[in-house]
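Going by my numbering, the first residue of the sequence shown is number 786, and it counts up by one from there. Using N, Cα and C, we set each Cβ at its ideal position, and we do this for glycine too. Have a look at the structure below before the remarks.
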Amino acid sequence: MAMTLFLLGRPGSGKSTAAHYLHLLSQQQGWSTIHINDYPFLRSQFEADTQQIKFKPTGYGGFDVLDFSVLDTALHAIEYEARIYSAHPRKLVLLEFARDDYIQALQQFQCSFLRNAYFLFLNADLDTCVRRVHNRAYHPTTRNDHFISEAMLRSYYQQEYDPLLLYRLLSSYGIQEQHVRIINNTETHYKFQEQLENFLQEILARDQHSAGQSLSSYTAHPVSAIPYQQHATSCPIHEGQILLSEVEAPTSLTDVVQYE
């Protein structure tokens, strides 16, 4: 069965770089990877928003979000896409997104999807992230080098996350501490890659039996182009807070980069 790994952290924290490293490292272990993020979904919504009600354009071909409800919809699309690969053996599914409120963000996923997933949170101070985002806009090297305005970074993404609070949040979903790793990505590239390698070796070495049981609970859901619905009753811990919405998420709307 596939293994799901969430890559979390504000823009500029190193999520896309981590995804690239993890692909190379997992390939050495005989695993293939697929990298899904929400940017193309949001990009398509931005381009369709000709009245600039939900988005506004910024420099370097980027955009800022005005209506933050679209961010929740994008997460529904990510889960929808990830389900397609749930039954694939030796497949590492990397899910990347940045949010200011992970309580709100995680409520958009079904508990059965979260419970056996792994979570990598990349921490970097705001000034470092602003500098990295501007550098990648000036000198893009990958398809994920998107521009986000400094105003957006310093307003929406200003909150610093306490690692203890993050552990407590994930534990409320029944996620074991061993499934969570927080990396401070302000040191050298070598140190960053070393920490990623250590975490990947740990999760690949774990018994996959429990993950297979959990994945089988949602592989029965349709994975065609038919929109799916998130059900509040699927997550008793937060059943009154899950957003109900129908999302049509064809592959073309999510950034799917598959490595074999």
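Do you know whose CA, among GLN812, ALA787 and PRO842, lies nearest GLU982's CA? As a working note, residue 982 is residue 197 in the sequence shown. Among GLN812, ALA787 and PRO842, the Cα nearest to that of GLU982 is on GLN812.
Report yes or no: do the region 810–829 and the region 898–912 share at least 3 C-beta pairs separated by less than 8 Å? no
Within the region 903–956, ranges of the beta strand (DSSP E) (whole runs, at least 3 residues): 903–908
For ASP857, report the span of its alpha helix (DSSP H) as first-last. As a first step, residue 857 must be located in the sequence shown, where it is residue number 72. 854–868 is the span of the alpha helix (DSSP H), which, as asked, contains ASP857.
Alpha carbon to alpha carbon, what distance is there between LEU860 and LEU1028? As a working note, residue 1028 is residue 243 in the sequence shown. As a working note, residue 860 is residue 75 in the sequence shown. Note on LEU1028: pLDDT 33, under 50, position unreliable in the model; the coordinate value appears next. Whole-angstrom Cα-Cα distance: 11 Å.
Counting Cβ pairs closer than 8 Å, one from the region 864–881 and one from the region 833–840, do we hit at least three? no
Alpha carbon to alpha carbon, what distance is there between TYR942 and PRO874? In the sequence shown, the residue the question calls residue 874 occupies position 89. In the sequence shown, the residue the question calls residue 942 occupies position 157. PRO874 and TYR942: Cα-Cα distance of roughly 36 Å.
Taking 8 Å as the cut-off, does the region 799–816 touch the region 972–982 (at least 3 CB pairs, one atom from each stretch)? yes
Does DSSP classify HIS873 as helix, strand or coil? By one-based count along the sequence shown, residue 873 stands at place 88. Coil.
On the DSSP bridge assignment, give the partners of ARG966 in chain order. As a first step, residue 966 must be located in the sequence shown, where it is residue number 181. Bridge partners of ARG966: LEU905.
Counterpart residues of MET788 in DSSP-defined beta bridges: For the purposes of this step, residue 788 is taken as the residue at position 3 of the sequence shown. Its beta-bridge partners are LEU877.
Taking a contact to mean a Cβ-Cβ separation below 9 Å, would you say PHE826 touches PHE848 in this structure? Taking the sequence shown and counting its residues from 1, the one referred to as residue 826 is at position 41. Taking the sequence shown and counting its residues from 1, the one referred to as residue 848 is at position 63. Not closer than 9 Å, so no.
Bridge partners - PHE977, DSSP secondary structure assignment: Here residue 977 is taken as the residue at index 192 of the sequence shown, counted from 1. Answer by DSSP bridge pairing: none, since PHE977 is not bridged.
Considering Cα atoms alone, identify which of PHE853, SER829 and ASN969 is closest to ALA890. Position 105 of the sequence shown holds residue 890. Nearest of PHE853, SER829 and ASN969 to ALA890, Cα basis: PHE853.
Thinking just about the alpha-carbon of each residue, which of ILE888, ALA787 and VAL965 is nearest to the one in SER817? As a working mapping, residue 817 is identified with position 32 in the sequence shown. It is ALA787.
Would you mind listing the beta strand (DSSP E) stretches within the region 795–850 that are 3+ residues and don't spill past its ends, in chain order? 817–822, 840–842 and 848–850
Going by beta carbon distance, what residues of the same chain come within less than 7 Å of PRO948, once the five residues before and after it are set aside? Here the question's residue 948 lines up with position 163 in the sequence shown. Correct list, in chain order: ILE967.
How is PHE898 classed by DSSP in three states: helix, strand or coil? Numbered from its first residue, the sequence shown carries residue 898 at position 113. Correct three-state label for PHE898: helix.
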